[in-house]
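**Student:** Mind having a look at this structure? Questions to follow.
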């Protein structure tokens, strides 16, 4: 299975125009080399749910339209933060002579998931609906991964860092919900929204660093690790500004923390163990 890496969705949508242009050139060139007699060629984009197939197609299609000699209305593939947005196969014209269409397809998964950890990785990456596994269980796995890799210890530089610049001007910060953390197409977020989210991310990172650095148990012991995760759930409730009297506090913590992770606010991650390339070179 390919390594499951998460990227910030809005960066992907506007990312690396040069990369998408090179990819488009490759898509145009290879079929011409292999099939020169066909008047129309189809290129299919296939992958697990919610990895950015539609977003990639939109980027390719937008650049391709700028090359067309005639004006053509821009048709966009529907994208969203949850799996299962694409329900049908749809074609998008990206080249002439020969005519090439790229096909957007619904996500596909293997018939059976081989083990629990693979299923949790897919759920964490958003390829499986949260309702199937449960947000709290997914976050427990995510915290276990971050702790055993000691990732929060790399956020040490955030401790004691004071907010600068316009942060001081934002005395009264309004409450926000999860929608404020997701990218918006037309209306760009204002500075208050941006600084609020940045402050929340920094507070989450400081919280995880503090709880891990002060932990005296063994991360190799399942009971000790579970105790640490319980402590982090409680600490994150404050960092994520969730009322202590909330009846479903852990669920609310889980949803907010997952949103931060999946939108790339905590950085990009590879969930699989990557082999050491230096050991495989003879």
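Residue numbers (the numbering used here): 12 to 293.
C-beta atoms are modelled at their ideal positions from N, C-alpha and C, and glycine is treated no differently.
Keep in mind the model is a prediction, meaning the values are calculated, not measured.
Going by C-alpha to C-alpha distance, which of 65, 126 and 154 sits closest to residue 218?
**Tutor:** The shortest C-alpha separation from residue 218 is found at 154.
**Student:** Quick one: Cα of residue 284 to Cα of residue 269, how far?
**Tutor:** Whole-angstrom Cα-Cα distance: 21 angstroms.
**Student:** Which of the three DSSP states is assigned to residue 238 in this structure?
**Tutor:** It is helical.
**Student:** Which residues does DSSP pair with residue 55 in a beta bridge?
**Tutor:** 114.
**Student:** Just list the alpha helix (DSSP H) runs in the segment 219 to 279, keeping only unbroken ones of 4 residues or longer that don't cross its boundaries, in chain order.
**Tutor:** Entirely contained in the segment 219 to 279, the alpha helix (DSSP H) runs reaching 4 residues are, in chain order, 233 to 250 and 260 to 273.
**Student:** Between residue 214 and residue 272, what straight-line distance do the alpha-carbon atoms span, to the nearest angstrom?
**Tutor:** Spanning the two alpha carbons is a distance of roughly 14 angstroms.
**Student:** As a quick exercise: from 50, 266, 71 and 241, pick the residue whose alpha carbon is nearest that of residue 251.
**Tutor:** Closest option to residue 251, Cα to Cα, is 266.
**Student:** I'd like the list of long-range same chain contacts for residue 29, defined as Cβ closer than 6 angstroms, with 5 residues on each side in sequence excluded.
**Tutor:** Correct list: empty, nothing qualifies.
**Student:** Between the Cα of residue 274 and those of 115, 136 and 52, spot the shortest distance and give me the residue it belongs to.
**Tutor:** Looking at the Cα atoms, 136 is the closest of the given residues.
**Student:** Would the segment 61 to 76 count as touching the segment 121 to 131 if we require 3 or more Cβ pairs under 8 angstroms?
**Tutor:** No contact exists between the segment 61 to 76 and the segment 121 to 131.
**Student:** With 16 other CB atoms within 10 Å as the buried threshold, where does residue 139 fall?
**Tutor:** It counts as buried.
**Student:** For residue 130, which residues from the same chain have a beta carbon less than 6 angstroms from its beta carbon, with the 5 sequence-adjacent residues on both sides left out?
**Tutor:** Excluding residues within five positions, the ones whose Cβ falls inside 6 angstroms are 124.
**Student:** By a C-beta neighbour count over all protein chains shown, 10 Å radius and 16 as the cutoff for buried, is residue 72 buried or exposed?
**Tutor:** By the 10 Å Cβ count, residue 72 comes out buried.
**Student:** In terms of residue numbering, what span does the beta strand (DSSP E) encompassing residue 101 cover?
**Tutor:** 101 to 106 is the extent of the beta strand (DSSP E) around residue 101.
**Student:** Please list, in chain order, all residues of the same chain as residue 53 whose beta carbon is under 7 angstroms from its beta carbon, the five residues on each side excluded.
**Tutor:** Excluding sequence neighbours, residue 53 sits near 112 and 114.
**Student:** Going by DSSP, what residue range makes up the alpha helix (DSSP H) through residue 283?
**Tutor:** That residue, residue 283, is in no alpha helix (DSSP H); it is neither H nor E in DSSP.
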